[in-house]
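Undergrad: Here the sequence shown is numbered in the numbering used here, starting from 207 and rising by one per residue. Even glycine gets a Cβ: it sits at the ideal position worked out from N, Cα and C.
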Amino acid sequence: MSSTFSFYALSPEFNLIKGLVQTKTKIIGTDQIVLTADKLMATKLLEITNNNSAKEIYTKIKKSSTKYFNLFINGKGSPYFFTDEFAQDLKKLEGLKLNSEERSILENLKLSRKIYMTQNHHLRIQLMKSNILNNIDLLSGSKNLFKYGAIHMNKSESILGGYDIGNLIFNITDANFKSSLHIMIIVKKGIQGVPFKGMDTKNVNPLSKELKHYTQFFNIAKGDNWVLFNTKEIMKEVKNNKIEIDDKVLRNTLIGFDYLIVIPEGSASKFID
Numbered sequence: 207m208s209s210t211f212s213f214y215a216l217s218p219e220f221n222l223i224k225g226l227v228q229t230k231t232k233i234i235g236t237d238q239i240v241l242t243a244d245k246l247m248a249t250k251l252l253e254i255t256n257n258n259s260a261k262e263i264y265t266k267i268k269k270s271s272t273k274y275f276n277l278f279i280n281g282k283g284s285p286y287f288f289t290d291e292f293a294q295d296l297k298k299l300e301g302l303k304l305n306s307e308e309r310s311i312l313e314n315l316k317l318s319r320k321i322y323m324t325q326n327h328h329l330r331i332q333l334m335k336s337n338i339l340n341n342i343d344l345l346s347g348s349k350n351l352f353k354y355g356a357i358h359m360n361k362s363e364s365i366l367g368g369y370d371i372g373n374l375i376f377n378i379t380d381a382n383f384k385s386s387l388h389i390m391i392i393v394k395k396g397i398q399g400v401p402f403k404g405m406d407t408k409n410v411n412p413l414s415k416e417l418k419h420y421t422q423f424f425n426i427a428k429g430d431n432w433v434l435f436n437t438k439e440i441m442k443e444v445k446n447n448k449i450e451i452d453d454k455v456l457r458n459t460l461i462g463f464d465y466l467i468v469i470p471e472g473s474a475s476k477f478i479d
């Protein structure tokens, strides 16, 4: 079930991470467990547990996950991850004698479910920051690539408000007398992908709530070529009162990213299977 792998179910993303693994690049995942990965987690838990009662619950989770996902992808209900039944499974597992690796995975499942159920963006960002700091030794003394959606990588205040991963990375590198480079990539028009195979794609709308802030860049980016904007140069003009920006989202973008790249037209990535 390709959806288990979240973004890496998409062919370009899968090939990217495959290449990184083959070159022995150290890879750190920081996000919560994706809502369709309960089956994958249950499979892993079955491999490492020595508790027979736990094995029965993990097997049940695997079967239920498949059943509920097949209904969900056809517009009937939600993934098993969201059900009260899954919450009860996790509760039952809390009372069993389990090894430390099991308990760690189950705690991550509980926290991930809470993030989804409450739609708590701040809690999600807290988790990602925590996972980065827990792996800080792997980041020290080397060049690192952080690949996230643009809302996460602003080195100043996030587009959604508050301070996200980009701000944390900016401060960590700054404290080590180094610098980080922040690049935002947006598509002007084309087809937007979907999180699950079988769902309908939709057109990118440059006038949508998310993209309307960048209309001036879209107007400049004509033709088939990608266009790169140096935001530092733009902000110099703003400070010299030669350019006026009233849009807060646009201002935060220009302050928080070093470069903005506009792709004239994009196409939806295909799934690996």
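Do Ile467 and Ile391 have their CB atoms nearer than 8 Å?
TA: Looking up residue 467 in the sequence shown gives position 261. Looking up residue 391 in the sequence shown gives position 185. It is a contact, given that the beta carbons lie within the stated cut-off.
Undergrad: Taking Asn373 and Lys361 to be in contact with their CB atoms under 8 Å, please state how far apart those CB atoms are, rounded to whole angstroms.
TA: Here the question's residue 373 lines up with position 167 in the sequence shown. Here the question's residue 361 lines up with position 155 in the sequence shown. Sure, about 6 Å apart at Cβ, within 8 Å.
Undergrad: For Lys438, which of Asp453, Gln422, Arg457, Asp380 has the nearest alpha-carbon?
TA: Residue mapping note: residue 438 aligns to position 232 of the sequence shown, counting from 1. When each option's Cα is compared against that of Lys438, the closest is Arg457.
Undergrad: Check each candidate in Ile461, Ile338, Ile321, Pro401 and name the one with the smallest Cα separation from Leu387.
TA: Here residue 387 corresponds to residue number 181 of the sequence shown, with the count starting at 1. Checked all of Ile461, Ile338, Ile321, Pro401; the closest Cα to Leu387 is Ile461.
Undergrad: Would you mind sorting Met334 into buried or exposed? The rule is 16 or more other CB atoms within 10 Å of its CB.
TA: For the purposes of this step, residue 334 is taken as the residue at position 128 of the sequence shown. Result: buried.
Undergrad: If you draw a straight line from the alpha carbon of Ser208 to that of Ser271, how long is it in whole angstroms?
TA: Reading the sequence shown from its first residue, position 2 is the one you call residue 208. Reading the sequence shown from its first residue, position 65 is the one you call residue 271. Low local confidence applies: a pLDDT of 48 at Ser208 is under 50, so the model's placement there is unreliable, with the coordinate-based value given in what follows. If you take the alpha carbons of Ser208 and Ser271, they lie about 14 Å apart.
Undergrad: Taking one C-beta from the stretch 224-231 and one from the stretch 276-288 each time, how about it: are there three or more such pairs within less than 8 Å?
TA: By the C-beta criterion, the stretch 224-231 is judged not to be in contact with the stretch 276-288, since fewer than 3 inter-stretch pairs fall below 8 Å.
Undergrad: In the structure shown, what three-state DSSP assignment does Pro401 receive?
TA: Here residue 401 refers to the residue found at position 195 when the sequence shown is read from its first residue. Three-state DSSP puts Pro401 in coil, outside helix and strand.
Undergrad: Are the Cβ atoms of Val393 and Gly472 separated by less than 8 Å?
TA: To locate residue 393, count along the sequence shown from 1; it is residue 187. To locate residue 472, count along the sequence shown from 1; it is residue 266. Yes, these two residues count as a Cβ contact at 8 Å.
Undergrad: Assign Ser310 to one of two classes, buried (16 or more other C-beta atoms within 10 Å of its C-beta) or exposed (fewer than that).
TA: As a working note, residue 310 is residue 104 in the sequence shown. An exposed status is given to Ser310, since fewer than 16 other beta-carbon atoms sit within 10 Å of its beta-carbon.
Undergrad: At what residues does the alpha helix (DSSP H) containing Gly235 begin and finish?
TA: As a first step, residue 235 must be located in the sequence shown, where it is residue number 29. Run containing Gly235: none; DSSP gives neither H nor E here.
Undergrad: Using CA coordinates, which residue listed in Tyr354, Thr249, Glu450 is at the minimum distance from Glu308?
TA: As a position in the sequence shown, residue 308 is number 102, starting the count at 1. Ranking Tyr354, Thr249, Glu450 by Cα distance to Glu308 puts Thr249 first.
Undergrad: Considering Cα atoms alone, identify which of Tyr264, Leu222, Ile321, Ser212 is closest to Lys297.
TA: Looking up residue 297 in the sequence shown gives position 91. Ranking the options by Cα distance to Lys297, first place goes to Tyr264.
Undergrad: Curious, which full-length alpha helix (DSSP H) runs of at least 4 residues does the stretch 363-421 contain?
TA: 371-381
Undergrad: Need the endpoints of the alpha helix (DSSP H) that Phe288 sits in, please.
TA: On the sequence shown, position 82 is the one that residue 288 refers to. Run containing Phe288: none; DSSP gives neither H nor E here.
Undergrad: I'd like to confirm something about Gly225: is its beta-carbon nearer than 7 Å to some heavy atom of the ligand GDP, or not?
TA: Ligands in the displayed structure: none, and consequently the ligand GDP is not present.
Undergrad: What did DSSP end up calling Phe352 once you bin it into helix, strand or coil?
TA: The sequence position of residue 352 within the sequence shown is 146, counting from 1. Correct three-state label for Phe352: coil.
Undergrad: DSSP three-state call for Ser208: helix, strand or coil?
TA: For this step, residue 208 is matched to residue 2 along the sequence shown. Summary for Ser208: the model assigns pLDDT 48, below 50, so the residue's position carries little reliability, and this model does not support an answer.
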